[in-house]
Amino acid sequence: MQVINIGILGLGTVGSGVVRILRDHQNKISSITGRKLVIKTVVVHDLAKKRNVDLTGINVTDKIDDLINDKDIQIVVEVMGTVTTAKEYIERLLNAGKHIITANKDLIATYGSELAELAGKNDCDLFYEASVAGGIPILRTIVNSFAADRIVEVKGIVNGTTNYIMTQMSQNHVDYQKALKSAQELGFAEPDPTNDVEGIDAAYKMIILTQFAFGMNVTLDDIEVEGISRVDLEDIKQAKKLGYNIKLVGIAKLINDRIKVSVGPVLIPLDQPLAAVQNENNAVLVTGAAVGETMFYGPGAGELPTANSVLSDIIAVTKNIVLGTTGSRFNDFSREGKQALPDEVVYPYYISLRVKDQPGQMLKITEVMTSVKASFHLILQTEIDDNYARVVMTTHEMSEAQLKEIISAIAELNDIDVIASYKVLPD
């Protein structure tokens with residue numbers, strides 16, 4: 441059987457998983473592809489570091505040129521992380537005729553189009569199924585299974601760290617700092633969790649999902665991003681009493697043929713599937729004009745789930761090599777897209793206020809709502825202490841522009857502060 445040699449850039453959690461799965465499933469993979477896949481070389485940063493995977497027969501080096509200059513290596517897996525260095529290495533590898541598979545969402549979200557163009561010029565494949573939702577095969581599903589449909593919305597929980605934290609706050613009634621500490625102790629959160637908890641990681645993934653689902657390129661600056669670090673435990677408890685869970689959700693939606701992409705805490709009705717996604721798991725809901733709403737659920741990270749997605753790309757590239765069809769883009773769907781206007785983006789909202797307990801305060805809030813022609817769905821008041829109360833209101837549908845006017849007007853009022861304002865997904 442003919443051999444296809446593979447190189448790997450990085451031997452952390454995912455890289456080790458790729459080595460392990462390829463060894464364990466060698467016979468099955470060979471029967472599917474008609475080729476024997478062999479890991480020939482692995483490039484690591486620290487040669488002295490002990491590894492928890494069998495590297496027998498594999499050349500381990502710290503020199504990228506050992507991959508670039510080896511004509512026998514046809515496929516390279518990049519799982520080293522970073523953006524600048526990874527981009528430089530991938531560009532050199534593509535120019536050397538190597539097919540690239542990466543799990544690097546930051547890189548693909550920022551430079552994916554540029555790298556895809558370079559891959560095409562060199563008749564190379566560039567695949568990145570593992571970059572969005574770990575073990576969930578969402579990108580290839582959108583490309584293949586929704587090719588004949590018109591996608592109108594993609595939304596989901598695409599960051600396991602924040603979902604774990606929100607689950608702990610909701611189920612165990614612990615505050616944000618305690619939930620974050622638990623996530624770090626279990627390895628779900630990094631020592632510096634900023635990218636996860638401030639929504640940046642999820643935003644990068646939504647950039648990729650938006651390009652696949654709608655053919656539109658958006659940047660981080662185009663996305664409304666809010667993290668979970670300021671989510672108050674009392675709002676989580678109050679939302680649950682009202683029949684909702686609060687989750688960090690990414691939403692990409694077509695509105696009047698314009699695109700709106702956002703990441704932030706959202707109230708989800710308890711009877712909806714996303715509300716039941718717990719701990720480090722991910723879920724993506726794709727709504728097509730023909731098929732309606734479909735849900736894809738599974739582990740969003742981890743050694744073997746993510747490595748399994750990498751292996752699916754390796755198998756796809758191998759088949760293309762055998763058929764002589766390499767060099768096509770992972771996703772060819774592309775069209776011009778404009779940002780939806782604030783007046784066009786309409787949701788019900790949950791607004792939580794800290795209000796000094798004195799006469800006339802509710803009148804002030806009502807006057808603000810009336811001035812922007814927005815209406816209450818319900819209003820609740822609970823005591824914070826002897827001097828302040830928490831006022832929670834949910835609204836009927838109103839525009840993003842109206843919400844911004846309300847927040848701005850309330851900020852001008854004495855003794856009333858906005859604690860939070862979140863979208864509410866409709867029932």
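Taking the numbering used here, the leading residue of the sequence shown gets 441, the next gets one more, and so forth. Idealized CB from N, CA, C, for every residue including glycine. Since we're looking at a predicted model, the values are computed, not measured.
- Taking Cβ positions, are Thr766 and Asp563 nearer each other than 8 angstroms? yes
- Query: Grouping DSSP H, G and I as helix and E and B as strand, with all else coil, what is Ile755?
  - Reply: helix
- Item | CB contact flag (Tyr862, Val706, <8 angstroms) | yes
- Task: Return helix, strand or coil for Val592, following the three-state DSSP convention.
- Result: strand
- Message: Within the continuous alpha helix (DSSP H) that includes Tyr644, where are the two ends?
- Response: Ile640 to Phe654
- Should Lys538 be counted as a contact of the ligand GTP given a C-beta to heavy atom distance under 7 angstroms? Inclusion of the ligand GTP in the displayed structure is not the case, the ligand content being empty and no account of it being possible.
- Cα-Cα separation, Gly455 to Glu733: 34 angstroms
- Item | Completely contained beta strand (DSSP E) runs for the segment 689-718, where each covers 3 or more residues | 698-709
- Task: Could you tell me the distance, in whole angstroms, from the CA atom of Lys538 to the CA atom of Val583?
- Result: 23 angstroms
- Message: Just to confirm, is the Cβ distance from Gly690 to Gly667 under 8 angstroms?
- Response: no
- Task: Note down the Cα distance separating Val658 from Ile508, rounded to an integer number of angstroms.
- Result: 32 angstroms
- Indicate the three-state DSSP secondary structure (helix, strand or coil) for Leu566 in the structure shown. strand
- Message: Checking 8 angstroms against the spacing of the C-beta atoms, do Thr607 and Gln718 come in under that value?
- Response: yes
- Query: If we count the other Cβ atoms within 10 Å of its Cβ and call it buried at 16 or more, is Glu557 buried or exposed?
  - Reply: exposed
- Task: Compare the beta carbon distance of Gln514 and Ile461 with 8 angstroms and say whether it is the shorter of the two.
- Result: no
- Message: Could you tell me the alpha carbon to alpha carbon distance between Ile755 and Ile469, rounded to whole angstroms?
- Response: 7 angstroms
- Message: Quick check: the Cα distance between Glu554 and Ile530, rounded to an integer number of angstroms?
- Response: 11 angstroms
- Task: Note down, in chain order, each residue of its chain lying with its Cβ closer than 6 angstroms to the Cβ of Met833, except the 5 sequence neighbours on either side.
- Result: Ile791, Phe816 and Ile819
- Item | Contact belief for Gly447 with Thr473 at Cβ below 8 angstroms, rounded distance in angstroms | Actually they do not touch by this definition, with Cβ atoms about 17 angstroms apart.
- Have a look at Glu840, Val592, Gly683 and Thr634 and flag the residue whose alpha-carbon is nearest the alpha-carbon of Asn696. Val592
- If we ignore side chains and look at the alpha-carbon of each, how far apart do Thr806 and Pro633 end up? 39 angstroms
- Task: My understanding is that Val726 touches Val594, with C-beta atoms under 8 angstroms, so please give their C-beta distance in whole angstroms.
- Result: 5 angstroms
- Item | N- and C-terminal bounds of the alpha helix (DSSP H) containing Glu840 | Glu840 to Ala851
- Query: Do Val858 and Leu793 have their CB atoms nearer than 8 angstroms?
  - Reply: yes
- Message: I'd like the span of the beta strand (DSSP E) that includes Leu820, first residue to last.
- Response: Phe816 to Glu823
- Message: On a Cα-Cα basis, can you pick out the residue from Leu487, Lys687 and Gly452 that is closest to Ala747?
- Response: Gly452
- Query: Going by other Cβ atoms of all chains shown within 10 Å of its Cβ, with 16 needed for buried, is Asp641 buried or exposed?
  - Reply: buried
- Task: Would you mind listing the alpha helix (DSSP H) stretches within the segment 775-814 that are 4+ residues and don't spill past its ends, in chain order?
- Result: 801-811
- Message: If I measure Cβ to Cβ from Phe628 and keep anything under 7 angstroms in the same chain, skipping five residues before and after, which residues do I get?
- Response: Gly600, Thr601, Tyr604 and Glu720
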